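Residue numbers for the sequence shown, in mature numbering (1 follows the signal peptide of the UniProt record, and there is no 0): -17 to -1, 1 to 365. Heads up, the beta-carbon is just placed ideally off N, CA and C, and yes, glycines get one too. In this text, all values refer to a predicted model and were calculated from it rather than measured experimentally. Here's the structure we're looking at; comments come further down.
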Amino acid sequence: MNFFAGLLLLLMPEENAFWAFVGIIDEYFAGYYTEDMIESQVDQLIFEELMRERFPKLVNHLDYLGVQVPWISGSWFLSIFVNVIPWESVLRVWDVLLFEGNRVMLFRTALALMELYGPALVTTKDAGDAITLLQSLVGSTFDSSQLVFTACMGYPAVTEARLKELRDKHLPSVLVVIEERSMKGRALKDSKGIATKLYSFKHDRGSLVEESKTTEESVAVADASVQLASCSSNLNEMLSSLNVDSELEALPDPQDQVVWLKVELCSLLEEKRSAILRAEELETALMEMVKEDNRLELNARIEQLEQELAELQQALADKKEQEVAMLQVLVRLEQDQKITEDARRRAEQGLAAQKLEVHELQVSFPPSYDCCDAGHSLFSVE
């Protein structure tokens, strides 16, 4: 929000910037910057669904790398692209956003950025490389006209009605998650308080018993705790193993028994919470191991394919060398054949010339001539 307010201060006086800031937050981003950030979480789920509809291959690649879409788009939406894309592009996006009067342009701009730089993200092989590359590419989006054109003309189906439908779909799940989170927070807080009371009970049992006697409310809570303990199978096992009867007989007052049962219940709740946390940690570790195994398997497969590709390239190079050698041999054979053909042609021409000379001699010197004269004449002619 500080970047948002800073940009407004650059464009207008301080008071006008303040009221513009308040109006934009209240009108366009209600529920965005609250403690639970409900609207922001809902919008992230909506954008992830739109991404899976528009770019399934890219989302699958990000899932393989372990990159969640909200990790990328969360800062875009919360900052309204301030310090994400260049200032000129930010102002162009804001023009459309304020003109339309809703958050549709946020989704269109984010989808346009994914369309422009998605092909580059598919080539990455690591989560850190993917996020770093996307931040670098998005930060160099200086062509604001192309960005706005792609956002407005490329995604006409992303309308306010469509977003409202998706909000109604994802809002209940977000509320459930927030409620579960708040319950876990309260349970953790209560467990810390119970642990504190347990410590106090171990070190100063008399004061805790006296406090439980003085207030009727504490007695009611203790009774409810006893009922809850009787319903819990884990507590029954614990009580049966620890010989509850003897412990209860040893306590001088029923209030002491109630406090003791409450302490045991607190201990069981603490153990249960620790077991749940441990199970979650083990599940997370298992998922990480599965992902790592998949990555190792894919890396081995990629190395094998690269090796096969290198072998094929080497074989192709050898074939090309053989082909070049064969071509050279064929060229030499053609040259030798041409030389032979020229020699044969010259020999035929010489033979034809000799035959012609003999014929002329026969015509010039009839058979009546003496052989010596004929030979002498032939010698003279030669």
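What distance in whole Å lies between the Cβ atoms of residue j and residue i, which are believed to be in contact at a cut-off of 8 Å?
{"i": "Glu22", "j": "Val87", "result": "Actually they do not touch by this definition, with Cβ atoms about 14 Å apart."}
{"i": "Tyr11", "j": "Asn85", "result": "7 Å"}
{"i": "Gln27", "j": "Ser56", "result": "6 Å"}
{"i": "Asp19", "j": "Ile161", "result": "5 Å"}
{"i": "Leu130", "j": "Ser72", "result": "6 Å"}
Would residue i and residue j qualify as a contact pair, given that the criterion is a beta-carbon distance under 8 Å?
{"i": "Ala113", "j": "Leu48", "result": "yes"}
{"i": "Leu149", "j": "Ile29", "result": "yes"}
{"i": "Leu80", "j": "Leu89", "result": "yes"}
{"i": "Phe125", "j": "Thr92", "result": "no"}
{"i": "Glu31", "j": "Val50", "result": "no"}
{"i": "Ile68", "j": "Gly137", "result": "no"}
{"i": "His44", "j": "Leu104", "result": "yes"}
{"i": "Ile16", "j": "Ile8", "result": "Just to set this straight, residue 16 is Tyr in the shown sequence, not Ile. Against a cut-off of 8 Å, the Cβ pair of Ile8 and Tyr16 comes out as a contact."}
Hey, how far is the Cα of residue i from the Cα of residue j?
{"i": "Leu(-11)", "j": "Glu294", "result": "58 Å"}
{"i": "Glu343", "j": "Val307", "result": "54 Å"}
{"i": "Leu120", "j": "Lys40", "result": "19 Å"}
{"i": "Pro102", "j": "Lys255", "result": "47 Å"}
{"i": "Glu317", "j": "Gln290", "result": "40 Å"}
{"i": "Lys108", "j": "Ser62", "result": "28 Å"}
{"i": "Leu265", "j": "Asp276", "result": "16 Å"}
{"i": "Cys249", "j": "Glu163", "result": "21 Å"}
{"i": "Lys245", "j": "Ala268", "result": "34 Å"}
{"i": "Glu331", "j": "Ala300", "result": "46 Å"}
{"i": "Ser229", "j": "Arg278", "result": "Only weak support exists for where Ser229 lies, its pLDDT of 46 falling under 50; the value from the coordinates is given anyway. Taking the straight line from one Cα to the other gives about 58 Å."}
{"i": "Val242", "j": "Ala262", "result": "30 Å"}
{"i": "Leu218", "j": "Ala170", "result": "Annotation note: pLDDT 45 at Leu218 (below 50); position unreliable, coordinate value reported separately. If I take the Cα positions, the gap works out to 18 Å."}
{"i": "Pro(-5)", "j": "Val5", "result": "14 Å"}
{"i": "Val141", "j": "Glu247", "result": "56 Å"}
{"i": "Val273", "j": "Leu281", "result": "12 Å"}
{"i": "Val341", "j": "Leu334", "result": "10 Å"}
{"i": "Glu339", "j": "Arg327", "result": "A small correction: the amino acid at residue 339 is Leu; Glu does not occupy that position in the sequence shown. Distance between the alpha carbons of Leu339 and Arg327 is about 18 Å."}
{"i": "Asp347", "j": "Arg329", "result": "A small fix is needed here, since residue 347 is Ser in this sequence, not Asp. Approximately 26 Å between the Cα atoms of the pair."}
{"i": "Ile322", "j": "Gln345", "result": "34 Å"}
{"i": "Asp319", "j": "Gln287", "result": "48 Å"}
{"i": "Thr106", "j": "Thr115", "result": "13 Å"}
{"i": "Arg315", "j": "Glu324", "result": "14 Å"}
{"i": "Met270", "j": "Met(-17)", "result": "36 Å"}
{"i": "Val312", "j": "Gln296", "result": "24 Å"}
{"i": "Ala13", "j": "Met166", "result": "25 Å"}
{"i": "Trp54", "j": "Gln305", "result": "55 Å"}
{"i": "Val159", "j": "Leu292", "result": "51 Å"}
{"i": "Ala283", "j": "Ala298", "result": "22 Å"}
{"i": "Glu83", "j": "Gly168", "result": "40 Å"}
{"i": "Trp70", "j": "Pro139", "result": "25 Å"}
According to the neighbour-count rule (16 or more other Cβ atoms, all chains shown, within 10 Å of its Cβ), is residue i buried or exposed?
{"i": "Gln77", "result": "According to the sequence as given, residue 77 is Trp; it is not Gln. So Trp77 ends up on the buried side."}
{"i": "Ser128", "result": "exposed"}
{"i": "Gly111", "result": "exposed"}
{"i": "Ala134", "result": "buried"}
{"i": "residue 402", "result": "Since the first and last residues shown for the chain are -17 and 365, residue 402 lies out of range."}
{"i": "Phe60", "result": "buried"}
{"i": "Lys303", "result": "exposed"}
{"i": "Ser257", "result": "exposed"}
{"i": "Phe38", "result": "buried"}
{"i": "Leu117", "result": "buried"}
{"i": "Met97", "result": "buried"}
{"i": "Arg75", "result": "buried"}
{"i": "Leu252", "result": "buried"}
{"i": "Phe132", "result": "exposed"}
{"i": "Leu146", "result": "buried"}
{"i": "Phe(-14)", "result": "buried"}
{"i": "Asn226", "result": "Confidence at Asn226 is low in this model, with a pLDDT of 45, below 50, so the placement of that residue should be treated as unreliable; the coordinate-derived value is given next. It is exposed - the Cβ of Asn226 has fewer than 16 other Cβ atoms within 10 Å."}
Apart from the five residues on each side of it in sequence, which residues of its chain come closer than 6 Å, Cβ to Cβ, to residue i?
{"i": "Val42", "result": "Met34, Arg35"}
{"i": "Val25", "result": "Arg150, His153, Leu154, Val157"}
{"i": "Leu310", "result": "none"}
{"i": "Ala3", "result": "Leu(-10)"}
{"i": "Glu(-3)", "result": "none"}
Return no unless some Cβ of chain C is closer than 8 Å to the Cβ of residue i.
{"i": "Glu10", "result": "Checking the listed chains, one finds no chain C in this structure; it contains a single protein chain."}
Please list, in chain order, all residues of the same chain as residue i whose beta carbon is under 7 Å from its beta carbon, the five residues on each side excluded.
{"i": "Ala336", "result": "none"}
{"i": "Val209", "result": "Confidence at Val209 is low in this model, with a pLDDT of 43, below 50, so its placement is unreliable and the value that follows should be read with caution. Result list for Val209: Val241, Leu244, in chain order."}
With a threshold of 8 Å on Cβ separation, who are the neighbours of residue i within its own chain once the five nearest residues in sequence on each side are excluded?
{"i": "Gly189", "result": "Low local confidence applies: a pLDDT of 49 at Gly189 is under 50, so the model's placement there is unreliable, and no value is given."}
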